[in-house]
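Okay, so the first sequence: first residue is 359 according to my numbering, each after it adds one.
Glycine included, each C-beta is placed from N, C-alpha and C at the ideal position.
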Amino acid sequence: MTTDATTDSSTDSAPERYQPRAIERRWQARWEQDDLYRTPDHVEGKQNRYHLTMFPYPSGDLHVGHWFAMAPSDTLARYFRMRGWNVLFPMGFDAFGLPAENAAFKGGMHPKDWTDANIVRMRGQLKAMGATFDWSREVNTSLPEYYRWTQWWFVQLFKQGLAYRKHAAANWCPVDNTTLANEQVVDGCCERCGAVVEQREMEQWFFRITKYAEELLHNEDLDWPEHVKLMQRNWIGRSEGAEVAFALEHPTADGTDEVRVFTTRPDTLHGVTFMVLAPEHPLVDAITTTEHADEVLAYKDRAAHATEIERLSTEREKVGVFTGAYCINHLTGDRVPIWIADYVLASYGTGAVMAVPAHDERDFAFATKYGLPIKVVIAPPDWDGQPLEAAWHDEGTLIASKQFDRMSNVEAKSAIAGYLAEQGWGGPTVNYRLRDWLISRQRYWGAPIPMINCPDDGLVPVPEDQLPVMLPYDVEFRPTGQSPLSLSEEFVNTTCPQCGKAARRETDTMDTFMCSSWYYMRYPDAHNDEQPFSRAAADAWLPVDQYTGGSEHATMHLLYARFFYTVARDLGLVPEGEPFTRYFSQGQILGPDGRRMSKSRGNVVAPDDQVEKWGADCFRAYLMFLGPWDQGGPYDVDSIVGVSRWLNRVWTVVTNPPALVEDAAGARDLRRLAHTTLAKVTEDIEEKRFNTAIAAMMELTNAMQRLRDEGHADAAAWTETVDLLTLMLAPPCPHVAEELWERAGHAYSVHQQSWPEYDPALTVRDTVDIAVQVNGKVRDRISIAPSADEATARAAAEASPRVADHLVGKQVVRVVFVPERLLNIVVR
RNA sequence: GCCGGGGUGGCGAAAUGGCAGACGCAGCGGGCUUAAACCCCGCAGCCGCAAGGCGUGAGGGUUCGACCCCCUCCCCCGGCACCA
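Here is the structure:
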C-alpha cells in the first residue's frame, strides 16, 4: 500500500485517514490470491446453500442497476456464510443476443469479439464490487462448451415431443428482423426496440410449455413475492368452460362437418344467434360461399395487414363479414350464420367463438351493428321481455333453454357442459391463455438449433456426440430477415445422421432465454464436458435457495426456468420441486431526476466514477441505505456523502478510540446498545431490510463517537463493541471490515468468522420512558422501571403537573396501560 | 376496464394498533482552522412570543388510542387487457 503525500501522515499524533480505494485494492488482491471465495461442493460440518443473482448481459459496462441488484444480494450471501452455511454464489454472462449484432453492425466489430471484450471489462468491474462470487464456476453462454449443452437441451425436448416445428403466424419485429416470443411483445411492440410488431406466416420452432400450464399455474407454495406469482398466474390464464361442436349445414369438400368453439358460458348456449371465426381459421376458405368469396377475401387481406396494435385495441369498432355459411346448434336445432371478424383470435381456444349477444358485450355490439338477432336466455331481475339495452352478464335464471329453464345459470354451466358430453357434442374443458414458446430466431448471435432436415428422413436431431453444432465465425451476419446461417453453404450443407445422404442444417438460432433457462443448473458443475451437469452436483446444490433479480422477468425468464426445471425433473436430472425456492425482486434504481436512467435522458450515474470517488464499500452501503430494496428509488448523488461520513466515523472511532478505562456503568450502557443493535441488524438482514440495518449501525457508531468525545470508555465493553461492529460491517462493507479486523489484531479473515449471537440479557434496560396520555393526547413522558405495574405508572403519571392539570375536575373512566409503552388515562 | 404496489417534513425514508418523522441529505447556528476542505457539537414537521393547536393524499367509520384495520373517492407506479 502506498502512502500519498498527505501532510498528516508525517506527524505522530495525527490519525491515519480512511482511504477506501487503497484498502479495497489491497484486500481484493489478497482475497483473490487466497481463493477465499472458492466454494467446494461439500464442506465437512456445513450445509450447502445456493444464492443466486440474475447474471448480466455483457452490454459493455456494469451500470448502477447491476450494483443495486448485486450488492445487497452479495451482502445476503456473506451473511449466510457467516451463519455457518457453505454458500455458493456464482456469476456469469448471458452472452448471446441481439445487441452484440446490432453494436457489431454499427461499430464494424464481430459480435464475438465485441462480447468477449465486454466480458473482460465487466468481469473487472464485478470484481471491483468486492463480491463473494466464486469465479471458478463462471459460465459464458456463448462459448461452445456451454451452448453445446443448450443444444443438448433442445435435443432432449425434441425427443420428449416438447419441441416441434410449425407453420404459423409469428410475431415479427421489422427492425430487429426476427421473430419474437409472445412474452417479448409488449403492447403490440417489440420489447427490445419498440418497433410495431407485424404478423408473418413462417416455419418456426416451438416448445410445448402449454403442456405444463396447469403445473406452472400452481406456484402458491413458492416463497416468492405475491405480485410476481400473480403475474405468472394471470399470464397462464386458466379458464374453465366447455368445448361445443356445431354441425356445419354443408360439410366441406374434405369431409369436415363441424365447427368447434370454446366458451366459458355454456349456460348461454341456447342464446347463440351467430358464430364468428378468426379470419385465419382453417375452415374459412372451405365454407365461404361463392357470392361472399370476394368480400371474405378482402376482409382477410385487411386483417392480415392490421398491426398487432390495431388488432389489440379494445376501442376499435368490431367489424366482420358474413361467409354465407351456416351451422346448426345441436341444442336448439337453430340455423346459425357464420361470420369472420378479427376480434376473434386464431391462437386462443379453437379460433372460433359462439356469439351470444344478449349476454356478452362484444357480441352485443357486433349484433347491433349488423342487425343480428339478440336472444335472451338469462332473465335479468324484473325483466319485462323488452329488448335489452346492453348485454346482461350477471347471474340469473335460465329461460328459453328447454329442459334447463328455471335453473340458475351457475348450475346450468356444468349441467349443459355435462349434457354436451353425454350427447357427444363437446363437453367441459379448460383453456389457457399461455401459448407455446416460439424459440427460433432469424439472427446470427445465438446457439444454432441442432436439427438437420433430410429429404428422406425429415427432421433429424444432431446426435448428441456430435454436439456442439458450432456457430461459424466467418458469416455475413447483417440482419436481413433471412437467417444469416442460411447464407453459409459450408454451414448448411451436411449429411443426414440416419441415412448419410446430403441434407441441410436448420439455420435459425435459439432465443437467448433458452440459455438462461438452465444456467443455474450449470454453475454447480460448470466445467463438466460429459454432461450438462452431474446428478451429484445437482443434488449438492439444487434447487436455488435464494434467487434475486428484477420482476420484469416474471413471465419470461422466471416462467421459462420453471418450465425447464420441470422437464429436467421428469428426465431425472435434478431433485424434486421448483428451481427457485425463494425469490426476491429488487426495485429499480432511477436517475437523480427520478426517471429511468438512460443515455438519452442524460441522467446516468456511472458506478465506476462513484466507486473511485467514495469506495466500493460506501457505494454498496449507499445503495442499500437509500430505501427498501424491493422499492428501488432515485439515486441521489448528494446523499451518498452521508454514508461516506458514517464509514469515516467508523474508521475514526475504531482506529482512534477514547481512553480505555474501567467503568461498570458505562460498560452496561455500551453493551446494551451494541447487543440491541446486533439483534436489530440480524433481524433486518434476514428480512432483507438493509436500509434499517445500516441505520442501526449508524446509531451505534454515533454513540461510540459521543464516548470518544467524552474521552473515555470501559475497555472491555469498548473492545467488544468494536468487534461486533466490525463483524456486522463485514457483509455490507467487506473491505473496511477486513481492514479494521486486521488492525484489531484478529486473525485473517473477518469473512471466515461466525456471525455473532446477541445476548438478550444484555439488552434489558433499567428504566423505560413511557408516554402518558389523557384522552389519547400525549401530555408528558415519564421514566419508570420496565417491570412497573399500572398502579406504579399511574402514581408516577399523576405526580406530573403536566398530566395533573388535565385531570383537575375530571372523572377517570378508564385507564389503559401498555407496559414499556404508554399509559392512557381516559377522563370525562 | 380488471389485478397488484404505493401516496408520511424541503428531499430519501422510519414506525404494521400504543410517544409520527429513527437514520441520512439539504438548511441554519456554533467549534476546530491563518483560511478552505475534512471533521466535531447543537437546532430543526407546520402555525404560534408562549401556552397551546394542527399534522401521515381527501372524506367518513371502528377503537381508550389509527400512517397502520374497514368503507367511499382522488393521484402516481407496475402488470394484464377483444383470451370468448
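For residue 375, which three-state DSSP category applies? coil
Terminal residues of the beta strand (DSSP E) in which residue 525 lies: Bounds of the beta strand (DSSP E) holding residue 525 are 521-531.
Do you know offhand how far residue 697's Cα is from residue 632's? 7 Å
Using DSSP with H/G/I as helix, E/B as strand and the rest coil, what is residue 983? helix
In whole angstroms, what separates the C-alpha of residue 1040 from that of residue 1032? 12 Å
Under the three-state DSSP convention, the category residue 988 falls into: Reduced to three states, the DSSP call for residue 988 is coil.
Label residue 499 either buried or exposed according to how many other C-beta atoms from any shown protein chain fall within 10 Å of its C-beta, with 16 as the threshold for buried. buried
Contact between the stretch 442-451 and the stretch 406-413 (3+ Cβ pairs under 8 Å): Counting Cβ pairs under 8 Å, three or more are found: they touch.
Every unbroken beta strand (DSSP E) within the stretch 1084-1153, with a cutoff of 3 residues, ordered by chain: Listed in chain order, the complete beta strand (DSSP E) runs (minimum 3 residues) inside the stretch 1084-1153 are 1126-1132 and 1135-1142.
Does DSSP classify residue 812 as helix, strand or coil? strand
Do residue 1166 and residue 1144 count as a contact pair if the criterion is CB distance below 9 Å? no
Taking only the alpha-carbon atoms, compute the straight-line gap between residue 681 and residue 703 and give it to the nearest angstrom. Straight-line Cα distance between these residues: approximately 17 Å.
Look at residue 331 and residue 1022 and say whether their C-beta atoms are less than 9 Å apart. Outside the displayed range of the chain (359 to 1186) lies residue 331, so it cannot be described from this structure.
Measuring CA to CA, which of 1126, 983 and 1160 is closest to residue 1147? 1126
Excluding sequence positions up to five away, which residues of its chain have a Cβ less than 7 Å from the Cβ of residue 684? 607, 693, 694, 695 and 696
State the DSSP-derived secondary structure class of residue 848, mapped to helix, strand or coil. helix
Measuring only the C-alpha atoms, how far is residue 904 from residue 975? 23 Å
Could you check the C-alpha separation between residue 723 and residue 622 for me, to the nearest Å? Their backbone Cα atoms lie some 19 Å apart in a straight line.
Going by DSSP, what residues sit across from residue 423 in a beta bridge? Bridge partners of residue 423: none, in fact.
Nearest to residue 730 (by Cα), restricted to the options 736, 784 and 721: With distances taken between Cα atoms, residue 730 lies closest to 721.
Start and end residues, beta strand (DSSP E) containing residue 560: 556-565
Could you check where the alpha helix (DSSP H) with residue 393 kicks off and where it finishes? For residue 393, there is no enclosing alpha helix (DSSP H), as DSSP marks it with neither H nor E.
Under 6 Å Cβ to Cβ from residue 875, same chain only, skipping five residues before and after it: list those, please. 918, 919 and 922
Pull up the distance between the alpha-carbon of residue 716 and that of residue 751, whole angstroms please. 8 Å
In three-state DSSP terms, what is residue 366? Low per-residue confidence applies at residue 366: pLDDT is 35, beneath 50, and the placement is therefore not dependable enough to give any value.
What residues in its chain sit with their C-beta under 7 Å from that of residue 838, if we drop five residues either side in the sequence? In chain order, 535 place their CB closer than 7 Å to the CB of residue 838, counting only its own chain and leaving out the 5 sequence neighbours on each side.
Pick from 580, 581, 574 and 604: whose alpha carbon is nearest that of residue 592? 574
By the DSSP assignment, the beta strand (DSSP E) with residue 750 in it spans what residues? Boundaries for residue 750: no beta strand (DSSP E) harbours it, and the DSSP string shows neither H nor E there.
In the structure shown, what three-state DSSP assignment does residue 965 receive? helix
Does the Cβ-Cβ distance between residue 789 and residue 596 come in under 9 Å? yes
Could you tell me how far apart the beta carbons of residue 870 and residue 804 are, in whole angstroms, since I believe they sit closer than 8 Å? 6 Å
Keeping to the same chain, check which residues put their C-beta closer than 6 Å to that of residue 718; ignore five residues upstream and five downstream. 749
Looking at C-beta atoms only, is the number of pairs between the stretch 456-470 and the stretch 831-850 that lie closer than 8 Å three or more? yes
DSSP beta-bridge partners for residue 795? 565
One or two residues paired with residue 578 in a DSSP bridge: For residue 578, which the question treats as bridged, DSSP gives no partner whatsoever.
Count the other CB atoms within 10 Å of the CB of residue 551; is the residue buried (16 or more) or exposed (fewer)? Residue burial is scored here from C-beta neighbours: residue 551 has fewer than 16 other C-beta atoms within 10 angstroms and is therefore classed as exposed.
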